[in-house]
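**Q** Position 152, counted from 1, in the sequence shown is what UniProt numbering calls 152; the numbers after and before it change by one each time, with no gaps.
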Amino acid sequence: MIRADETFDGTFPYMPHFSHASGFPMHYVDEGPRDGKTILCLHGEPTWGYLFRHLIRALRDRYRVIVPDHMGFGKSATPPTRSYWLQDHIENLERFVLAQDLRDITLVMHDFGGPVGMGLAARHPDRIRAIVSVNGPTPFGQPDLGERLTANARISPWFQWIVKAHAQGRLEAVLGELEFNILSTLKLNGFENHDLIGDVWLQAYGSRFSSAAQCLGAIGWAKGFALGEHRFEVPGDAARRAIAVKPALAIWGMRDRTLNAEHFLPLFEAAFPGAAVRRLDTAGHYSLEDEPDSISTHIGSFLEQS
Numbered sequence: 001m002i003r004a005d006e007t008f009d010g011t012f013p014y015m016p017h018f019s020h021a022s023g024f025p026m027h028y029v030d031e032g033p034r035d036g037k038t039i040l041c042l043h044g045e046p047t048w049g050y051l052f053r054h055l056i057r058a059l060r061d062r063y064r065v066i067v068p069d070h071m072g073f074g075k076s077a078t079p080p081t082r083s084y085w086l087q088d089h090i091e092n093l094e095r096f097v098l099a100q101d102l103r104d105i106t107l108v109m110h111d112f113g114g115p116v117g118m119g120l121a122a123r124h125p126d127r128i129r130a131i132v133s134v135n136g137p138t139p140f141g142q143p144d145l146g147e148r149l150t151a152n153a154r155i156s157p158w159f160q161w162i163v164k165a166h167a168q169g170r171l172e173a174v175l176g177e178l179e180f181n182i183l184s185t186l187k188l189n190g191f192e193n194h195d196l197i198g199d200v201w202l203q204a205y206g207s208r209f210s211s212a213a214q215c216l217g218a219i220g221w222a223k224g225f226a227l228g229e230h231r232f233e234v235p236g237d238a239a240r241r242a243i244a245v246k247p248a249l250a251i252w253g254m255r256d257r258t259l260n261a262e263h264f265l266p267l268f269e270a271a272f273p274g275a276a277v278r279r280l281d282t283a284g285h286y287s288l289e290d291e292p293d294s295i296s297t298h299i300g301s302f303l304e305q306s
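1. Comparing C-alpha positions only, which one of 78, 32, 16 sits nearest to residue 49?
2. Taking Cβ positions, are residue 218 and residue 46 nearer each other than 8 Å?
3. Just the C-alpha distance for residue 157 and residue 258, rounded to the nearest angstrom, thanks.
4. Check whether the Cβ atoms of residue 24 and residue 77 sit closer than 8 Å, and answer yes or no.
5. For residue 30, which beta-bridge partners are listed by DSSP?
6. Kindly identify the DSSP beta-bridge partner or partners of residue 38.
7. Suppose you measure from the CA of residue 91 to the CA of residue 295; what does that come to, to the nearest Å?
8. DSSP on residue 334, reduced to helix/strand/coil?
9. Give the DSSP-derived three-state secondary structure of residue 224 in the structure shown.
10. For residue 147, does the count of other Cβ atoms within 10 angstroms reach 16, so buried, or fall short, so exposed?
11. According to the neighbour-count rule (16 or more other Cβ atoms, all chains shown, within 10 Å of its Cβ), is residue 283 buried or exposed?
12. Spell out the partners DSSP gives residue 16 in its beta bridges.
13. Residue 167 to residue 160, Cα distance in whole Å?
14. Using DSSP's beta-bridge definition, name the partner residues of residue 132.
Spelled out as structure tokens, the structure:
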């Protein structure tokens, strides 16, 4: 686990906070005015709140920006007896949101932060103000959800690797050395800005996974896919109708090899008819690393308009 006060040479200079509402120390950043509109940023695999460092800086003067680290990621604890399936992360987020009594939330979701955030939206549509997907799936009971997920998995190098590694019995061994394998893992999922690669950046993403025991979050997400253990939250009719009319925006790095736009943008458009879509032609899966300034600008404009 990363030290609470670690800033990675000042690149993540945000005050650490911890919530125990979910039964473990969950780290989160809480920046900006307490009475500002709430922006809740949700990361995915194998990142943490560091992914949103530029967005926090861009928005915190006007908005309250809250960025939790999921169980087993970032500065949050890695309980050895917990499971790390999607439904567990949804439950953890729900408890966090209720304990903080967060309302009028704009969700900003990347990677598996998408299904986690949409799970919260299904359970508490009244607490959601708007939705922003940044290369993050938005499963919300779409009739072709399963078909598109299966089609994406067939062409995704990351998901294909998970299936193969699990079949060969080496999934946990490889991801249990994620500190060493972090660059190859990030490259497999896809980012385009290779100028980012340096000691501090690699430490920021890799040092969290210093032992196999500290890799349970990353292992759990991949293993849950291989075993079919992840369960999407299925919204009721009232929640589906309520969320469909919320302001929504998709920002997609079109070079994403893990979550292909051809499958996931139609799911977004089905959940949010008429919502805006911004395509970033030169960004990959980790689009918040590839084009942080343009993404911050798009989100800032969206927040002003919504």
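Where a beta carbon is used, it is the ideal one built from N, C-alpha and C, also for glycine.
**A** Quick look at the numbers:
1. The count along the sequence shown starts at 1 and reaches residue 49 at position 49. It is 16.
2. In the sequence shown, the residue the question calls residue 218 occupies position 218. In the sequence shown, the residue the question calls residue 46 occupies position 46. It is a contact, given that the beta carbons lie within the stated cut-off.
3. Working through the sequence shown from its first residue, we reach residue 157 at position 157. Working through the sequence shown from its first residue, we reach residue 258 at position 258. Taking the straight line joining both Cα atoms gives about 7 Å.
4. Walking along the sequence shown from the start, residue 24 turns up at place 24. Walking along the sequence shown from the start, residue 77 turns up at place 77. Yes; because the gap between Cβ atoms is below 8 Å, this pair is in contact.
5. On the sequence shown, residue 30 is found 30 positions in, with the first residue counted as 1. Note: residue 30 sits in a beta bridge opposite 66.
6. Walking along the sequence shown from the start, residue 38 turns up at place 38. Answer by DSSP bridge pairing, in chain order: 64, 105.
7. Here the question's residue 91 lines up with position 91 in the sequence shown. Here the question's residue 295 lines up with position 295 in the sequence shown. So the two alpha carbons sit approximately 28 Å from each other.
8. The requested residue 334 is not part of the displayed model; the chain covers only 1 to 306.
9. Within the sequence shown, numbered from 1, the residue matching residue 224 stands at position 224. Correct three-state label for residue 224: helix.
10. Here the question's residue 147 lines up with position 147 in the sequence shown. When all chains shown are included, residue 147 counts as exposed.
11. Counting from one through the sequence shown, the residue named residue 283 turns up at place 283. Result: buried.
12. Within the sequence shown, the letter at position 16 stands for residue 16. DSSP lists 29 as partners of residue 16.
13. Counting from 1 along the sequence shown, the entry for residue 167 is found at position 167. Counting from 1 along the sequence shown, the entry for residue 160 is found at position 160. Computed Cα separation, rounded: 11 Å.
14. Walking along the sequence shown from the start, residue 132 turns up at place 132. DSSP output for residue 132 lists 108, 249 as bridge partner(s).
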